[in-house]
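First comes the structure, then the notes that go with it.
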Amino acid sequence: MTANPLTSDALGRIAEALERLSPPSGAQADLSTADAFVWHAADRRLAPVARVNRVAITLLKGIDRNRDTLVANTERFAKGLPANNALLWGARGMGKSSLVKAVHASVNAAGLDQPLKLVEIHREDIESLPVLLNVLRTSPYRFVLFCDDLSFDAGDSSYKALKAVLEGGVEGRPENVLFYATSNRRHLMPRDMIDNERATAINPGEAIEEKVSLSDRFGIWLGFHPCSQEDYWEMVRGYAREFNLDMPLSDLRSEALEWAATRGNRSGRTAWQFILDLAGRMGVKLG
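Using our numbering, the letters of the sequence shown correspond one by one to residues 3 to 289.
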């Protein structure tokens with residue numbers, strides 16, 4: 003039977019339209035080219051990061067207990083031993099994301115048979131997490147999957163995908179992937195969202211349980227709190243020593259405290275911003 007040319011042409015156009023609508027397959031990254039990558043969900047691609055924006059772990063002051071806990075957990079994971087997902091929550095500017103990146107570098111510097119890979123996924127791309135895990139699942143490398151400033155707003159249901167991936171899904175988290183997240187919120191949800199669920203639900207307890215249970219998927223919770231004046235001073239002094247900013251300690255301290263007072267905040271970020279200003283005034287380039 004002779005095919006109708008009009009029908010064949012229509013089928014061809016339909017096939018082309020479906021191909022345009024389907025998500026791009028993405029080029030598989032060569033994971034040996036770098037130790038850190040950023041996940042681009044739009045084209046399903048891992049982009050290598052040539053130089054990670056981080057500070058040395060020795061420069062992170064006032065968070066010793068959190069540092070030791072995260073280092074130990076990451077070292078166990080890198081060696082193929084059981085380890086927990088971690089949620090770093092609390093005060094802004096106190097080194098949550100800096101600690102994740104510094105721990106990754108520190109563990110790799112200790113010497114491993116295979117380098118540990120750091121993969122950053124942006125908050126808005128959380129719904130593509132199952133796709134990313136399928137990319138990483140068959141790799142010979144081990145990965146710390148990192149999401150900075152993770153939180154969910156009212157009406158945002160993408161947290162359900164994260165819950166299933168972290169623990170409880172059919173496939174679950176791949177054995178070679180660990181998930182670290184930072185957030186200003188302990189339970190990742192705004193208080194008014196939780197309160198609204200309590201007020202409108204037939205069974206308030208069950209509604210709240212679903213929201214709060216996301217944080218329970220993280221076996222390690224590390225709280226970061228506003229630092230004391232002495233911790234802030236240790237941060238400033240450590241940075242000044244590291245970058246050879248030659249200034250009498252009494253002058254350095256008074257200027258650093260004044261800088262914090264004008265901002266109404268003492269934190270690692272404030273200390274770093276002061277060092278940037280000081281180095282600029284002294285004409286010193288920071289390596």
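Every residue gets a Cβ at the ideal spot worked out from N, C-alpha and C, and that includes glycine.
A distance below 7 Å between beta-carbons, with the five flanking residues on each side excluded, links VAL179 to the following residues of its chain, in chain order: LEU135, LEU138, PHE145 and LEU147. Contact annotation: ILE59 and ALA104 have beta-carbon atoms nearer than 8 Å. The continuous alpha helix (DSSP H) containing VAL133 extends over residues 131 to 139. Excluding residues up to 5 positions away in sequence, TRP91 lie with their Cβ nearer than 6 Å to the Cβ of ARG188 in the same chain. A contact is defined here as three or more CB-CB pairs under 8 Å, and the segment 271 to 284 meets this definition with respect to the segment 246 to 263. DSSP, reduced to helix, strand and coil, places GLY270 within a helical segment of the structure shown. Take GLU77, set aside five residues on each side of it, and the residues of its chain with a beta-carbon closer than 7 Å to its own are VAL109, in chain order. The beta carbon of LEU152 sits closer than 7 Å to those of ARG125, ALA183, THR184, SER185 and LEU190, all from its chain and outside the five residues before and after it, given in chain order.
Take the alpha-carbon of ASN87 and the one of ALA111: they are about 22 Å apart. Around the beta carbon of THR35, fewer than 16 other beta carbons sit within 10 angstroms, so the residue counts as exposed.
Between LEU131 and VAL167, the gap from beta carbon to beta carbon is short of 8 Å. Contact between GLY240 and LEU61 holds, with the beta-carbon distance rounding to 5 Å and staying under 8 Å.
The DSSP-derived three-state label of THR184 is strand. If you check the CB distance, VAL51 and VAL40 come in under 8 Å. For LYS81, same chain residues with a beta-carbon under 7 Å away, outside a window of 5 residues either side, do not exist.
Contact check between the segment 116 to 124 and the segment 256 to 263: fewer than three CB pairs, one atom from each, fall below 8 Å, which does not count as touching. Distance check between ARG219 and each of ARG175, LEU114, GLY266 and ASP253 places ARG175 closest, using alpha-carbon atoms only.
The shortest CA-to-CA distance from THR71 to any of LYS98, LEU48, SER252 and VAL54 is the one to LYS98.
DSSP places VAL109 inside the alpha helix (DSSP H), whose first and last residues are 98 to 111.
The continuous stretches of beta strand (DSSP E) do not include GLY285, and DSSP gives it neither H nor E.
ARG47 carries a strand assignment under DSSP once its states are collapsed to helix, strand and coil. Taking 8 Å as the upper bound for CB-CB distance, LEU216 and TYR161 are in contact here, some 5 Å apart.
The alpha-carbon of CYS229 is positioned some 42 Å away from that of THR140.
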